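Single-structure report; data block below.
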Amino acid sequence: MDGAGVERAREALNLAHAMASIINSGLDRQTLSILIGLCEHGVNPEALATVVKELRREAAAIESTSKSKD
């Protein structure tokens with residue numbers, strides 16, 4: 045990727061991060077970058093959203109379980 049391409053990619057990531065922040069998605073810049081890259085490689089965005097939601101549910105359940113043991 046040339047310098048202009050890198051700059052466009054950076055601007056696109058900044059815009060995606062700003063939008064994610066506005067809607068309180070909880071996605072950080074690194075996670076967004078990974079998700080965008082996966083979409084660019086043909087992964088279904090709806091499937092990715094489902095995976096992210098499920099991972100969050102699982103993490104919350106694990107956290108809840110570990111807190112109840114304390």
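Residue numbers (the working numbering): 45 to 114.
Backbone N, C-alpha and C define an ideal beta-carbon position, used for all residues, glycine too.
Predicted model only: the values in this text are computed from it and were never measured.
Is the distance from the Cβ of residue i to the Cβ of residue j below 9 Å?
i: Val96; j: Leu57; result: no
i: Leu92; j: Leu76; result: no
i: Met63; j: Ala53; result: no
In whole angstroms, what separates the C-alpha of residue i from that of residue j?
i: Val50; j: Val87; result: 22 Å
i: Leu82; j: Ser108; result: 30 Å
i: Ser110; j: Arg101; result: 14 Å
i: Lys113; j: Pro89; result: 36 Å
i: Leu59; j: Ala103; result: 27 Å
i: Ile106; j: Ala48; result: 44 Å
i: His85; j: Ser65; result: 24 Å
Could you give the first and the last residue of the continuous alpha helix (DSSP H) run that contains residue i?
i: Gly47; result: Gly47 to Ile66
For a cutoff of 9 Å on Cβ pairs, would you count residue i as touching chain B?
i: Ser108; result: Of the protein chains in the structure, only one exists, and it is not chain B.
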